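Here the structure comes first, spelled out in C-alpha cells, and everything after it is commentary.
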Amino acid sequence: PFEMVHMRDIVSVTPSETDSYHFYRFSVGEGTIEFQTNENTQKPQLDDDLSEQTVNLNYLAGWMRISKKMLRNFKALQATLAKWLPERYYRREDTKAYQALISAATGVQHVGVAGESIAEVIIKTIGKQKELGYNVNGVVLDGTAWASLITFKATTSGEYTNPVNVVNVTANGTVTILGIPIYTASWVGGSEAIVGDWRYFEIIQSEGLSLQFFDQDGDNVKENKITVRIEAAVGFAVLDPAAFVVVSLDSVS
Numbered sequence: 035p036f037e038m039v040h041m042r043d044i045v046s047v048t049p050s051e052t053d054s055y056h057f058y059r060f061s062v063g064e065g066t067i068e069f070q071t072n073e074n075t076q077k078p079q080l081d082d083d084l085s086e087q088t089v090n091l092n093y094l095a096g097w098m099r100i101s102k103k104m105l106r107n108f109k110a111l112q113a114t115l116a117k118w119l120p121e122r123y124y125r126r127e128d129t130k131a132y133q134a135l136i137s138a139a140t141g142v143q144h145v146g147v148a149g150e151s152i153a154e155v156i157i158k159t160i161g162k163q164k165e166l167g168y169n170v171n172g173v174v175l176d177g178t179a180w181a182s183l184i185t186f187k188a189t190t191s192g193e194y195t196n197p198v199n200v201v202n203v204t205a206n207g208t209v210t211i212l213g214i215p216i217y218t219a220s221w222v223g224g225s226e227a228i229v230g231d232w233r234y235f236e237i238i239q240s241e242g243l244s245l246q247f248f249d250q251d252g253d254n255v256k257e258n259k260i261t262v263r264i265e266a267a268v269g270f271a272v273l274d275p276a277a278f279v280v281v282s283l284d285s286v287s
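Under this note's numbering, the very last position in the sequence shown is 287; numbers go up by exactly one each time.
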C-alpha cells in the first residue's frame, strides 16, 4: 500500500548547495533584557550560549535491474515503476527521519496513568509544551492508537464518549484535537504519539529525488538489461529537540 502521510507532508524541505548544512541552537545564559537604571549606567549584558550543528547529507538510494525486453513489451511496467519506486524511497526516508527525530526529542511529556484516554494524555502533553512556548501544530499516531483515540468509551454502556469539540472527525475522516491535525502513519512506533511543533524539524536536500533508467551499466549491453536507480541526497535537522515529545501510550486506554 501507499503511505497515507509522509514526513515530507508535515515538515519543510530545505535546499542546500552543499552536502554539509550548518545551523545554530541556542540556550538562554546569563543576563536578561531590562530597563537601563540611569542614563550613565551600563545596560544589561546578555550572554546566551550558541552551539553550531552540522548535518552531513548523503545519498539515500536503491537500484534494480530489469529485462529490457520486458520493459518494452509490458507498457504499463515503466509507469508502475515510476509510481512505486518513489513510494519505496519516501517510506524509507520516513523511517530515517523518524529515527533521527525520536533520538533527539527532549520535550516535556505528560505521563499517562491507567484509565486516562489517549486524548487526555495528548492534550496534557500539548499543555506542557505550550507552557514552554511551543505551538504544537501536529500529532502523528500509528493506526492502532488512532482507532483507540476515536473509539474511547468511559463507561461500559457502549457509547463513544470523546467530548464534543475536543476530538473532531470530519465526514472525510480527518481527525483533529482542539483543531490540531492528527496524522496517521505506519512509520510511527506502536503505542506512541509524536507531539510536535513541526517548524523545528527540516529535511535538508542537496539533490532532489531522481528516478533514472540506464542501459549502459555493467553487463546490461551484453544481457539486454536496464538498471533503474532512485536516489536523493538528504539529511535531517532537528532545529530544537525540545519542540518534540515522544508520548508513550502503553498505560492509557
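Quick reminder that beta carbons are idealized off the backbone N, C-alpha and C, glycines included. Remember, predicted model here, so these are calculated numbers, not experimental data.
Candidates Asp81, Tyr123 and Ala110: closest to Met98 by CA position: Tyr123
Same chain, Cβ closer than 6 Å to Lys130, neighbours up to 5 away in sequence not counted: none
Any beta strand (DSSP E) of 3 or more consecutive residues that is wholly inside the stretch 204-246: 209-211, 214-218 and 226-230
Nearest-angstrom Cα separation, counted from Val203 out to Thr185: 11 Å
Residues sharing a beta bridge with His40, DSSP: His40 is not bridged to any residue.
Any beta strand (DSSP E) of 3 or more consecutive residues that is wholly inside the stretch 144-203: 172-175 and 201-203
Straight-line Cα distance separating Met104 from Thr114: 13 Å
8 Å CB neighbourhood of Thr88 in its chain, flanking five on each side removed: Ser54, Tyr55 and His56
C-alpha gap between Val45 and Gly224, whole angstroms: 21 Å
Per DSSP, cross-strand counterpart(s) of Ser54: Asn90
Proximity of Glu226 and Leu273 at Cβ, strictly below 7 Å: no
Integer Cβ distance of Val120 from Leu243, believed to fall under 8 Å: The question names Val, but residue 120 in the sequence shown is Pro. Right, their Cβ atoms sit about 6 Å apart.
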